[in-house]
Amino acid sequence: MSILISIRPLIFISKLAGLSLFTINSKTCQAAVTRLDLFAIFVTIFMHLFFNFVYWRSVLGPDIDDITNEILEVSTPLLLYVDYLINAFAIFWFFLKRRKIVELILRFAEIDENLAMEFGIKFNYKRQRNKIAVLLLATMMVATLININDFITSAGIKINSLEFYNFDIIFFLWNSLCQIIQFCCFVVGMRAIRQRFKLVGHCVNDRLNAIKILNKIHLKIAKIVQDFNEIFTPIMFMHFADIFCWLCFLIFDIVTYPWKNFFETLAMNIPHSVYMISFIIATIKTAESVKSEAKKCVAKLHDVSGEVKDKNEIFQFLIQLITMPVKFTCGLIDFDWKMLFKFISASFMYFIILMQINKSFIEK
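Numbering (the numbering used here), first residue to last: 46 to 409.
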């Protein structure tokens, strides 16, 4: 399949993070396990076992009584462990949904084939591959620099009492790589959906006589949106909740523990905060752009419905598309700014809990 050319960098790097435990055969269009997949599985299992061994040895070690009086020394490793659990769940979830992912890619290929045969629209997959590669490299470079900054600035601070920062620079970067790939998979997939919505919208203006074909392509795109939501809903929801907890924890760090050097605190907190906020804004804007393009297509189909004889087919299609908005939370909550407000409210409660626990430690 030609579409595999465009996402080849994403597939390859995802294997290094253990997020793609299968390979799609371009000839048979079936998911199979290759040697590289086996290597990815081995690395993933090793990293997880190693991380759990060191983490729980530190937590349950003999010095645990000496550090329980400092909430910061416990919360930081705990949040990192939550990051680890989310990534472990993501790897397991992607493996469970491997057939759904294959169907998703096949449906993309089918839509591209229909656009090429009926409307002469051909995708430049090599150009898309280069864009995805640049996105991955730029994101990983920025994330690596920020993680190294966190590691260096926290080296002289007391938060490494659990000996957590003494071993985990490799795992810390690997864990961050897992998060980056998950966000990049989401952004790349949503932009691909948006691109096809946009192309179908242009075809509505040029080819009114092919409105039935456009309806069928639209329904396939809507099915892609449904499958995409099913794959990424739990992962993105947990990542966003985790990011907001991190932001609240960083605010708590600045307010409660300004340390001796205020600039050192800023150097540690601001880059990471900007990095995480950028991911939130990028994903929200991407989702909103997809919904915008979908609404434009619906409006155009509604405008031309009077010029087409078979109005019932268009009406049924419009109902199906309108009742299937782009969502991330298994259909429970729309992915919009109201959802963002709910995340902020929940994170603010987490911040208050941190302050109350810290106050009780001080009183004791």
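Ideal Cβ positions, reconstructed from N, Cα and C, are used throughout, including at glycine.
Just how far apart, CA to CA, sit residue i and residue j?
i	j	result
F294	I156	45 Å
T278	W138	11 Å
I109	I58	Because I109 sits at a pLDDT of 45, beneath the cut-off of 50, its placement in the model cannot be relied upon, and the point is left open.
I90	C248	48 Å
S47	I150	11 Å
F285	A135	13 Å
N132	E275	17 Å
R172	S51	8 Å
I225	V232	10 Å
I296	I56	36 Å
L83	F140	13 Å
K142	V319	32 Å
M283	L49	28 Å
V127	C229	20 Å
E333	R236	11 Å
L180	F96	29 Å
E208	I322	Reliability fails at E208, whose pLDDT of 46 lies under 50, so the model's placement of it is uncertain and the value that follows must be treated cautiously. About 28 Å.
K176	M185	14 Å
K167	A161	5 Å
H93	A188	21 Å
I256	C342	12 Å
K340	T328	19 Å
T331	G234	10 Å
Y170	N159	16 Å
A325	I280	First, the residue type needs correcting, since residue 325 is Ile and not Ala in the sequence shown. Spanning the two alpha carbons is a distance of roughly 14 Å.
R80	I146	20 Å
V335	A267	11 Å
K42	A154	Absent from the structure is residue 42, since the part of the chain shown begins at 46 and ends at 409.
F217	E163	49 Å
C38	F98	Outside the displayed span of the chain (46 to 409) sits residue 38, for which this structure offers no information.
L190	T68	31 Å
Q227	H263	26 Å
K60	F87	11 Å
D287	L64	19 Å
S221	R144	26 Å
Rounded C-beta distance between residue i and residue j? I'm assuming under 8 Å.
i	j	result
R152	K261	About 12 Å separates the two Cβ atoms, so there is no contact after all.
V270	L259	With a Cβ gap of about 16 Å, V270 and L259 do not count as contacting.
K243	E148	Between E148 and K243 the Cβ distance is about 23 Å, and since that is not below 8 Å, they are no contact.
A85	W219	Incorrect: roughly 12 Å between the Cβ atoms, too far for contact.
W291	L124	6 Å
I238	F289	Not quite, the Cβ-Cβ distance comes to about 26 Å (not below 8 Å), so this is no contact.
R53	R241	Not quite, the Cβ-Cβ distance comes to about 19 Å (not below 8 Å), so this is no contact.
Can you tell me whether residue i is helix, strand or coil according to DSSP?
i	result
F168	coil
F57	helix
M369	Because the pLDDT at M369 is just 44, under 50, the model does not fix this residue reliably, and the point stays unresolved.
I52	coil
K268	helix
A183	helix
A332	helix
S47	coil
K142	coil
I62	In the sequence as presented, Ile is not what sits at residue 62; that position holds Ala. If DSSP states are grouped into helix, strand and coil, A62 belongs with coil.
A85	helix
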